[in-house]
Amino acid sequence: MRYPFDQGDQETWTQIGQLLVATALSSIIGIEREWKHKSAGLRTNTLVGIGAALFMLISKLGSFDVLARGLVVLDPSRIAAQIVSGIGFIGGGIIFKQRNEIRGLTTAAGVWLSAAVGAACGAGLLRLASVATALYFVAVLVYPTVLHVLRQYLDRKDTMEISAVVRYRTGADGLQTLLINIMEAGFRVRMITRLEEVLVNQAASKGPAGGDRHASISNFSRTPKTPAAHIERLERIFDIHLTVNGSRGPDSLMHALSQLDSVISVSIEDDEGEFVQRV
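Going by the working numbering, the sequence shown opens with residue 165, and the numbers climb by one from there.
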């Protein structure tokens, strides 16, 4: 069937097959991201792959009617270059910062690779696109396993002692959850000492939206004499001194503690014996 204004001589089943291969390969990448509950999953990666392949096919075949008249000179690489720069807006929307950690980099890189796979399929480089898809799974599945095994091997070789002062609030994520996170990070708690209690008025700490929640914190050497109704409104906060052993450095300990909403601050002892706040 011939549609009006259709360039039937250039549009063949070969190009349709290339578009379908781009859909399949980018979908495989998207399934892995969807399985890990990432923001850019199956639909995003599939659409990026289809779009990149279609742009490449347009770049290759969409101007033959003009070229036949000898009016212009075709440069197919120009659209491929624009695909690379244009996909950046999706990657920028995926990457975000949570506390001291940057998240979304792998997902953004996966979307970028989906665009490259789609462009390769559109250019007819199906084997190259298939190999790139296989290498994606090597990077996101095999490499973490290798790093985990290597890290365990290095952990057995040497250990170090880290001393830290942690300020945390009582609640659902209290001391027990804090200690569990430390042990799951590969550290062994050798000593724990409660230093002092800090009280903060919950009504005052809520403050205006976006304000400093901890602006009203004050130290007390002992519980103040206040009415029972007022005590119920006070949030209990403690400072504890931790001594842990592990093969990882202070950054790993800080990362494990910073994931907890109950942790307010973490100070690590430096080489001179002074505690420096890291979180």
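Cβ atoms here follow ideal geometry from the backbone N, Cα and C, with glycine treated the same way.
In this text the structure is predicted, and so the values were computed from the model without any measurement.
When burial is assigned at 16 or more other CB atoms within 10 Å of the CB, is residue i buried or exposed?
i	result
Phe219	buried
Arg412	buried
Ser249	exposed
Pro414	buried
Arg298	The sequence given here has Ala at residue 298, not Arg. Ala298 is exposed by the Cβ-count criterion.
Thr176	exposed
Thr357	exposed
Leu311	exposed
Tyr300	buried
Val427	buried
Ile180	exposed
Val281	buried
Thr178	exposed
Val275	buried
Ile222	exposed
Leu342	buried
Looking only at its chain, what residues have a beta carbon closer than 8 angstroms to the beta carbon of residue i, apart from the 5 residues adjacent to it on each side?
i	result
Ala349	Gly410, Arg412, Ser416, Leu417, His419, Ala420
Ala273	Gly255
Thr309	none
Ser203	Ile258, Gly268, Thr271
Thr334	Glu399, Arg400, Ile401, Phe402, Ser426
Asn345	Ala420, Leu421, Gln423, Leu424
Ile193	Asn209, Gly213, Gly274, Leu277, Ser278, Val281, Thr297, Tyr300
Give me whichever residues DSSP pairs with residue i in a beta bridge.
i	result
Glu196	Glu196 pairs with nothing; no bridge assigned.
Met355	Thr407
Val185	Answer by DSSP bridge pairing: none, since Val185 is not bridged.
Val427	Tyr332
Using C-beta distances below 6 angstroms, list every residue in its chain close to residue i, excluding the 5 sequence neighbours before and after it, in chain order.
i	result
Ala285	The question names Ala, yet the displayed sequence has Cys at residue 285. Result list for Cys285: Gln182, Val185, Ala186, Ala217, Ala293, in chain order.
Ser191	Thr210
Arg352	Asn409
Ala279	Val212, Ala216, Ile247, Ile251
Ala244	Ala283
Gln340	none
Ala379	Note that Ala379 scores 37 on pLDDT, short of 50, meaning its location in the model is unreliable and no value can be drawn from it.
Leu189	Val281, Ala293, Thr297
For residue i and residue j, which I take to be in contact (beta-carbon distance under 8 angstroms), what is that distance rounded to the nearest angstrom?
i	j	result
Met355	Thr407	4 angstroms
Ala287	Ser431	That pair is no contact at about 55 angstroms.
Ile195	Leu206	6 angstroms
Leu314	Ala296	No, Leu314 and Ala296 are not in contact; Cβ-Cβ is about 25 angstroms, not under 8 angstroms.
If you drop the 5 nearest sequence neighbours on each side, which residues of the same chain put their C-beta closer than 7 angstroms to that of residue i?
i	result
Arg197	Ala204, Gly205, Asn209, Thr271, Gly274
Glu125	Because the chain in this structure spans residues 165 to 443, residue 125 falls outside the shown range and cannot be described.
Lys200	none
> In chain order, which continuous runs of the beta strand (DSSP E) of length 3 or greater are located wholly inside the region 261-315?
Replying inline: Counting only runs of 3 or more, we get 265-267.
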